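Protein chains in written order, with the working numbering: chain P, 27 to 154; chain C, 27 to 154; chain V, 27 to 154; chain G, 27 to 154. For each residue, glycine too, the CB sits at the ideal point set by N, CA and C. Being a predicted model, the structure only gives us computed values, none of them experimental.
Protein chains: 4
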Amino acid sequence: MILLDSRDRRPIYEQIIDKLSDLMMRGILTKDSPLPSVRSLAADLSINPNTVQRAYMELERSGYIYSIKAKGSFVADITPLKEKEEDRLYEEMRTLAERAAGLGIPKEDFLEKAGRCYDETEKKGERV
Amino acid sequence: MILLDSRDRRPIYEQIIDKLSDLMMRGILTKDSPLPSVRSLAADLSINPNTVQRAYMELERSGYIYSIKAKGSFVADITPLKEKEEDRLYEEMRTLAERAAGLGIPKEDFLEKAGRCYDETEKKGERV
Amino acid sequence: MILLDSRDRRPIYEQIIDKLSDLMMRGILTKDSPLPSVRSLAADLSINPNTVQRAYMELERSGYIYSIKAKGSFVADITPLKEKEEDRLYEEMRTLAERAAGLGIPKEDFLEKAGRCYDETEKKGERV
Amino acid sequence: MILLDSRDRRPIYEQIIDKLSDLMMRGILTKDSPLPSVRSLAADLSINPNTVQRAYMELERSGYIYSIKAKGSFVADITPLKEKEEDRLYEEMRTLAERAAGLGIPKEDFLEKAGRCYDETEKKGERV
DNA sequence: GTGGTCTAGACCACA
DNA sequence: GTGGTCTAGACCACA
Numbered sequence: 027m028i029l030l031d032s033r034d035r036r037p038i039y040e041q042i043i044d045k046l047s048d049l050m051m052r053g054i055l056t057k058d059s060p061l062p063s064v065r066s067l068a069a070d071l072s073i074n075p076n077t078v079q080r081a082y083m084e085l086e087r088s089g090y091i092y093s094i095k096a097k098g099s100f101v102a103d104i105t106p107l108k109e110k111e112e113d114r115l116y117e118e119m120r121t122l123a124e125r126a127a128g129l130g131i132p133k134e135d136f137l138e139k140a141g142r143c144y145d146e147t148e149k150k151g152e153r154v
Numbered sequence: 027m028i029l030l031d032s033r034d035r036r037p038i039y040e041q042i043i044d045k046l047s048d049l050m051m052r053g054i055l056t057k058d059s060p061l062p063s064v065r066s067l068a069a070d071l072s073i074n075p076n077t078v079q080r081a082y083m084e085l086e087r088s089g090y091i092y093s094i095k096a097k098g099s100f101v102a103d104i105t106p107l108k109e110k111e112e113d114r115l116y117e118e119m120r121t122l123a124e125r126a127a128g129l130g131i132p133k134e135d136f137l138e139k140a141g142r143c144y145d146e147t148e149k150k151g152e153r154v
Numbered sequence: 027m028i029l030l031d032s033r034d035r036r037p038i039y040e041q042i043i044d045k046l047s048d049l050m051m052r053g054i055l056t057k058d059s060p061l062p063s064v065r066s067l068a069a070d071l072s073i074n075p076n077t078v079q080r081a082y083m084e085l086e087r088s089g090y091i092y093s094i095k096a097k098g099s100f101v102a103d104i105t106p107l108k109e110k111e112e113d114r115l116y117e118e119m120r121t122l123a124e125r126a127a128g129l130g131i132p133k134e135d136f137l138e139k140a141g142r143c144y145d146e147t148e149k150k151g152e153r154v
Numbered sequence: 027m028i029l030l031d032s033r034d035r036r037p038i039y040e041q042i043i044d045k046l047s048d049l050m051m052r053g054i055l056t057k058d059s060p061l062p063s064v065r066s067l068a069a070d071l072s073i074n075p076n077t078v079q080r081a082y083m084e085l086e087r088s089g090y091i092y093s094i095k096a097k098g099s100f101v102a103d104i105t106p107l108k109e110k111e112e113d114r115l116y117e118e119m120r121t122l123a124e125r126a127a128g129l130g131i132p133k134e135d136f137l138e139k140a141g142r143c144y145d146e147t148e149k150k151g152e153r154v
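Structure (structure tokens):
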């Protein structure tokens, strides 16, 4: 399901949080679908179950997942989280557009570059 | 030429730097065109010449203007500064596109939003 | 701590910058040790605090010192500045050696002169 | 005798001056030895005789060579020029030593580096 | 006239 | 107390 990057300097639990929340944000993990159990994910990644437990705990606190005792962890309804993130993103887009206009970059160039940046991302995504 | 905002909490000299560098970045003040003299700008803004002097000093240090003693201050060739700013901007565009793709926002929506943000900026610019 | 030279035609703030940066380059003022406060140094040198402020401002910009509001100014970690200066010095040494070789000065003479120059410096340093 | 570097951006006559004065400074061209005639050097380098003429004119003005009508150009007694150049060189060595001492570079390191710079020059000279 | 340096002295936020 | 900002006003060298 997910892969750890040993060159990544961040703590492992943070990498897990990022990878899982990304899968949920992308809609690959959908609402109410079950996450792997703490023990099985720990075994898959060859890490300590406590590390997975910590990642799950923080994901629950942030509203990404919910846990039911003796049943497991499941993807929560993350539409509010998605909307917040989208708002933040468009807010930054706005300041970017302002700076671009300030630099005298015409609209066509701005959009052309935006498109190219998006395409680059897709290629990158395929590799992952 | 420029207006100060009394509600702005930043130091006056910083406001002057921002306004003038913006005019140069936008191409409104072009290469080698003369800036108002330290004294005349101070009189226009009803502030102390020392404050203008400080702004000009820092603008010169950053490469925006050049000053010739007993002649005045002039807009420098800011193409390298513009290029640096463009690079920074596109770098941020790239991370933005990545996050958008991560959120499952399709390319059309991303570009549509980028275009709308750019248009909003233009209206804002007209008011200034 | 430092002395001003009234015969020196350079601006006072520049003299202060030179003297202090020299003390730091020599390792006499070490990392994180406090500099005299703007007001106390101004009083010591019988000059205006603004002049000291300007010197400190430029020293901070160049990476020699860091200032904490309401606490004081302190010597920064200047190892990168030292390395840059050493690189510049050895670069000039190289062109000097080339010119010496071009003049037919043998290596022994070149080194003998280098040593004598270094010794003269030491005597000068003792007087300071 | 000498080679021009087409990548060198300086005017050709300046390159000729540099090469010839260098040969004289190095003692490869000795006092009273004849220089190639303007026409023959121009032919050798496939350039216009006027260009060589200009180089010789300036070399004579600087005291490097003397010309006798209908006989040719000859290397002058350049000991005074050598001495001046040596003085300049040692003057710069002195300021270099001061800066090195200021940086806390010990005498051994300074001399070691001076020696290495000299050696590098020799290798470079061999290639020329 | 111009930019640049400096003094004298005020006020601010902060520790 | 500290650094930082700002005003008012002086003087300098230079074109």
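Going by C-alpha to C-alpha distance, which of the options sits closest to residue i?
{"i": "C/Thr-56", "options": "C/Met-119, C/Lys-149, C/Ser-47", "result": "C/Ser-47"}
{"i": "C/Glu-112", "options": "P/Asp-145, P/Lys-139, P/Ser-88, P/Arg-33", "result": "P/Lys-139"}
{"i": "P/Val-64", "options": "P/Gln-79, P/Asp-58, P/Arg-52", "result": "P/Gln-79"}
{"i": "C/Arg-125", "options": "P/Lys-45, P/Arg-33, P/Ala-126", "result": "P/Lys-45"}
{"i": "P/Glu-84", "options": "P/Ser-72, P/Tyr-39, P/Arg-114", "result": "P/Tyr-39"}
{"i": "P/Gly-53", "options": "C/Gly-141, C/Arg-35, C/Ser-32, C/Ala-127", "result": "C/Ala-127"}
{"i": "G/Gln-94", "options": "G/Asp-70, G/Arg-114, G/Leu-61, G/Thr-77", "result": "A quick correction: the sequence has Ile, not Gln, at residue 94 of chain G. Comparing Cα positions, the closest option is G/Leu-61."}
In whole angstroms, what is the alpha-carbon distance linking residue i and residue j?
{"i": "G/Ala-155", "j": "V/Met-50", "result": "Coverage of chain G is limited to positions 27 through 154, which leaves residue 155 of chain G absent and any answer about it impossible."}
{"i": "G/Lys-108", "j": "V/Leu-129", "result": "7 Å"}
{"i": "C/Gly-89", "j": "C/Thr-105", "result": "10 Å"}
{"i": "G/Thr-121", "j": "V/Thr-147", "result": "9 Å"}
{"i": "C/Phe-136", "j": "P/Glu-134", "result": "14 Å"}
{"i": "C/Ser-72", "j": "C/Ser-66", "result": "10 Å"}
{"i": "C/Pro-37", "j": "P/Ser-59", "result": "54 Å"}
{"i": "G/Ile-28", "j": "G/Asp-70", "result": "9 Å"}
{"i": "C/Thr-149", "j": "P/Glu-86", "result": "It is Lys, not Thr, that sits at residue 149 of chain C in the sequence shown. Those two C-alpha atoms are separated by around 43 Å."}
{"i": "V/Lys-110", "j": "P/Lys-110", "result": "46 Å"}
{"i": "C/Arg-114", "j": "C/Arg-142", "result": "21 Å"}
{"i": "V/Arg-35", "j": "C/Ser-32", "result": "40 Å"}
{"i": "V/Thr-157", "j": "P/Thr-77", "result": "With chain V running from 27 to 154 in the structure shown, residue 157 of chain V is simply not present."}
For residue i, does the count of other Cβ atoms within 10 angstroms reach 16, so buried, or fall short, so exposed?
{"i": "P/Met-119", "result": "buried"}
{"i": "P/Val-154", "result": "In this prediction, P/Val-154 scores a pLDDT of 49, lower than 50, which makes its location untrustworthy; no coordinate-derived value is stated."}
{"i": "P/Ile-42", "result": "buried"}
{"i": "C/Leu-30", "result": "exposed"}
{"i": "C/Tyr-92", "result": "exposed"}
{"i": "V/Ile-131", "result": "buried"}
{"i": "V/Ala-96", "result": "exposed"}
{"i": "V/Arg-99", "result": "Here residue 99 of chain V is Ser; the residue named in the question, Arg, does not match the sequence. The residue is buried, with at least 16 neighbouring Cβ atoms inside 10 Å."}
Taking 8 Å as the cut-off, decide whether the C-beta atoms of residue i and residue j are in contact.
{"i": "P/Ala-81", "j": "P/Pro-75", "result": "no"}
{"i": "V/Ala-123", "j": "G/Tyr-116", "result": "no"}
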